[in-house]
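J.: Residue numbers (full-length UniProt numbering): 1 to 405.
We put the beta carbon where it would ideally sit given N, CA and C, even for glycine.
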């Protein structure tokens, strides 16, 4: 397994990395020239100064302040022995080649920070992207402590928020205009033999490209947040609380890389529910036999009639609550559709029905009659007890599946 950790400044990325190293034996890998990379041979507690313009490795133009890359306080552990030196690679492509050859080993990094780099790894079945975030106030307090230790100066909340907004939203139009103006001004004085001219020239080579680069980097952070398989909200105040949460999260669960049959079929049932046109709730069902899909179903009005969400069912478009006035409902349930599509002969005696919501009483009766062996559901419904009674009497196993966090 190869885990890449990304996230917002001072959210706890290095702490999660250290946890994976210490608790699960992961080996750290990195990229050459990556700002904020844990130094070779350094403990996670070692303070290594980096430019604040590379907080989280995402470039912010025009910043010259410095912070440390030690594990985020106040949840920093006190390691008893130094961590081994990370293996460093010249590029993301070189790292990808190494991971492809060593996919059975556990590795972790915080050095993959752009969408283009991470996109290379997304197609690999052993890759897991983890996004770490946290409340702005909590992250600011950690950053302020590190800033004080590194520079003897406390970073202001306004400064921290400005940097955070720049990462997420890119430079403002006024900043871009100012940069362009500065570029024009400096270019007009490049032939003047003076010290100030030299300084202006060096800056003029960056504004336009830097603004574009900064915008691309923040776009990367936003896109990576959406791509992440696991998102950790670190609003915890102690290392013990975070470790307990990470233990429960179980990042090394192989099902995060390749879902088991239950998770796989329930995910498909949930996907089918998005085809629902019922105004009351989205329900999807999947009928499986010998791990092969027989049929799918979702709730909505019968074929050829007006969709429920277009006013086809007066009951669903009225004020009736869930489970009430079902006798006047024109919508076929997801389970009914799946059973009808498969037919009694194909269902046989060993089929399993996956449904994202526990079947109602009426559907439970039909499930028993069709000979379904087991019903697996995710979300509860108001008739769970009644349905469970009918299914039990009919010899049908009823099991609730809790999907991975």
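Verify whether the separation of the beta carbon atoms of residue 367 and residue 249 is less than 9 Å.
T.: no
J.: Looking at the strands, I want to know which residues DSSP matches up with residue 399.
T.: 376
J.: With a threshold of 8 Å on Cβ separation, who are the neighbours of residue 128 within its own chain once the five nearest residues in sequence on each side are excluded?
T.: The beta carbon of residue 128 sits closer than 8 Å to those of 1, 2, 3, 4, 229, 230, 251, 256 and 257, all from its chain and outside the five residues before and after it, given in chain order.
J.: Within 8 Å, do at least three Cβ pairs link the segment 17–31 to the segment 139–149?
T.: Counting Cβ pairs under 8 Å, fewer than three are found: no touch.
J.: Any idea what DSSP makes of residue 291, helix, strand or coil?
T.: coil
J.: Assign residue 385 to buried or exposed, taking buried as 16 or more other Cβ atoms, counted over all protein chains shown, within 10 Å of its Cβ.
T.: exposed
J.: Counting Cβ pairs, one atom from each stretch, are 3 or more of them under 8 Å apart for the segment 259–272 and the segment 231–248?
T.: no
J.: Alpha carbon to alpha carbon, how far is residue 305 from residue 293? Give it in angstroms, no decimals.
T.: 27 Å
J.: Rounded to the nearest angstrom, what separates residue 397 and residue 277 at their Cα positions?
T.: 29 Å
J.: Taking only the alpha-carbon atoms, compute the straight-line gap between residue 126 and residue 268 and give it to the nearest angstrom.
T.: 22 Å
J.: According to DSSP, is residue 273 helix, strand or coil?
T.: helix
J.: Here's the rule I'm using: 16 or more other beta-carbon atoms within 10 Å means buried, otherwise exposed. How should residue 254 be labelled?
T.: So residue 254 counts as exposed.
J.: Going by alpha carbons, who is nearest to residue 310 out of 369, 330 and 320?
T.: 330
J.: Under a three-way DSSP split, which group does residue 351 fall into?
T.: Residue 351 falls in the strand class under three-state DSSP.
J.: In three-state terms, what does DSSP make of residue 333?
T.: coil
J.: With distance defined between alpha-carbon atoms, name the residue in 371, 106 and 112 nearest to residue 90.
T.: 112
J.: Is residue 27 helix, strand or coil by DSSP?
T.: strand
J.: Quick check: what's the CA-CA separation for residue 157 versus residue 134?
T.: 15 Å
J.: Can you tell me where the alpha helix (DSSP H) with residue 138 in it begins and where it stops?
T.: 136–151
J.: Considering only the alpha carbon of each residue, which of 346, 403 and 365 lies closest to residue 377?
T.: 403
J.: Could you have a look at residue 53 and say whether DSSP puts it in helix, strand or coil?
T.: Reliability of the predicted coordinates at residue 53 is poor, the pLDDT of 35 falling under 50, and no value is obtained from them.
J.: Assuming residue 29 contacts residue 95 under a Cβ cut-off of 8 Å, what Cβ separation, rounded to an integer in Å, is found between them?
T.: 6 Å
J.: Just to confirm the assignment, what range does the alpha helix (DSSP H) spanning residue 239 have?
T.: Per DSSP, the continuous alpha helix (DSSP H) segment holding residue 239 begins and ends at 239–249.
J.: Please classify residue 258: does DSSP put it in a helix, a strand, or coil?
T.: coil
J.: So is residue 312 buried or exposed if we call it buried at 16+ other beta carbons inside 10 Å?
T.: buried
J.: Can you tell me the Cα-Cα spacing of residue 338 and residue 288, whole angstroms?
T.: 10 Å
J.: Check whether the Cβ atoms of residue 8 and residue 239 lie closer than 9 Å to each other.
T.: no
J.: Here's the rule: buried if 16 or more other CB atoms are within 10 angstroms of the residue's CB, otherwise exposed. What is residue 217?
T.: In this prediction, residue 217 has a pLDDT of 49, which is less than 50 and means its spatial position is unreliable; nothing more can be read from the coordinates.
J.: Hey, residue 334 and residue 298: beta-carbon distance below 9 Å or not?
T.: Yes, Cβ-Cβ distance for residue 334 and residue 298 is below 9 Å.
J.: With DSSP as the reference, label residue 381 as helix, strand or coil.
T.: coil
J.: Return yes when the Cβ of residue 98 is within less than 9 Å of the Cβ of residue 223, no when it is not.
T.: No, these two residues do not count as a Cβ contact at 9 Å.
J.: Of the choices 364, 401 and 388, whose alpha-carbon is the least far from that of residue 356?
T.: 401
J.: Which residue's Cα is closest to the Cα of residue 221: 241, 234, 164 and 159?
T.: Ranking 241, 234, 164 and 159 by Cα distance to residue 221 puts 164 first.
J.: DSSP beta-bridge partners for residue 304?
T.: According to DSSP, which records beta bridges pairwise, residue 304 is partnered with nothing at all.
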